[in-house]
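This report concerns only the one structure given below.
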Amino acid sequence: MKPETGNRQPGVATAAWPALLRPLCAALLLPLLAACDNGALVDAQRQAIATYARQLPAPYRDGLIVDAVHRHGGDLVFVIRSPDATVAMAKAKPDVFAALQRDEADAIAELCADAALAPVHAAGGGVRRRFIDANGAQFFEVALKASDCRSP
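Using mature numbering (1 follows the signal peptide of the UniProt record, and there is no 0), the letters of the sequence shown map in sequence onto residues -34 to -1, 1 to 118.
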């Protein structure tokens, strides 16, 4: 009788391999399946980006400019540039800068009423406004979660 050859490792029964592979496969596949479940959100984000991209760059307020919109995970990010101010200038006037941040934190709620963003909110996505200076450095960012918007 010939000795049995194969790819078995010493001390590990052949029947044990399927039992070891199942948890490993599950651990690898679950994140992929979860990502597939976000199809409605990704579609809504892409549609909103297409809608806004046709209008950009666009004036925002107080001399600021909406330069771009892009996806970042579950959020849409509007990049808003100050063509004249820099982060260093903002640090020199902390009271004015803090007031602007508070104002923008309140103002972002207006995006709940934006029809182009309704599908994004309905799919669980959020929106951020990222404020950058003339050199591209970030001043601050404000966020709106889907749960912050009431369902119609």
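The C-beta atom is built at its ideal place from N, Cα and C for all residues, glycine as well.
Assignment of A109 by DSSP, reduced to helix, strand and coil, places it in the strand class.
Taking 8 Å as the cut-off, the Cβ atoms of D114 and A65 do not count as close. Contact between L42 and V86 holds: CB atoms are separated by about 6 Å, below the 8 Å threshold. A19 and V35 have their C-alpha atoms some 7 Å from each other. Counting every other CB atom within 10 Å of its CB across the protein chains shown gives Q11 a total of 16 or more, marking it as buried.
With a cut-off of 8 Å on Cβ pairs, the stretch 47 to 58 is not in contact with the stretch 78 to 95, counting fewer than three such pairs.
Scanning its chain for C-beta atoms nearer than 8 Å, with the 5 sequence neighbours on each side dropped, one finds around A14 the residues V35, L42, A82, L83, P85 and V86, in chain order.
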